[in-house]
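Numbering (the UniProt record's numbering), first residue to last: 1 to 171.
No residue lacks a Cβ here, since even glycine has one placed at the ideal position from N, Cα and C.
Being a predicted model, the structure only gives us computed values, none of them experimental.
Here's the structure we're looking at; comments come further down.
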């Protein structure tokens, strides 16, 4: 196993654990010395992960979030309402994605988490700086939405459905 692959697995193991993961345990699992694990943790931190060392092991200092991908469709005029509907319920619109018949999968980050972000995004669209990605796929597109719980994502899904923005994935 390569060092980079081991570090990916270490991050995954720490992320998925509900209790601190001891370095000694990681060393045993990956058949390396404890010092190699210490060096791996340093490299993982340098890559941007906020790993905290405790006397019981390593933990990831990150808020717990869940994500869901929604397939949606709406007009340009409804775009602001769609985004506000998501952020008002506590969601963050991580990205927008489309599947184009010729160009394939296209994705762009949005990181829209507040009405202020919605306003800034809409100003960029209205100023002509860009046009919505959804326009090249007859308004159909996907959003990855992040929230604090599955219940919040369920509420967002319900509102998108009520407003007729949600598209069924079944034919």
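So is residue 83 buried or exposed if we call it buried at 16+ other beta carbons inside 10 Å? Result: buried.
Just list the alpha helix (DSSP H) runs in the UniProt domain "Helix-turn-helix type 11" (6-59), keeping only unbroken ones of 4 residues or longer that don't cross its boundaries, in chain order. 23-30 and 34-46
Whole-angstrom Cβ separation of residue 72 and residue 167, contact assumed at under 8 angstroms? 6 angstroms
Residues in the same chain with beta-carbon distance under 7 angstroms from residue 74, minus the five sequence neighbours each way, listed in chain order, please. Taken in chain order, the residues that qualify are 82, 139 and 165.
What's the C-alpha gap between residue 38 and residue 70? 40 angstroms
In its own chain, which residues sit with a C-beta less than 6 angstroms from the C-beta of residue 90, not counting the 5 before and 5 after it? Within the same chain, residue 90 has close Cβ partners 147 and 152.
Return the bridge partner residues of residue 106 from the DSSP annotation. 98
Starting from residue 87, trace the alpha helix (DSSP H) in both directions and tell me its first and last residue. 79-88
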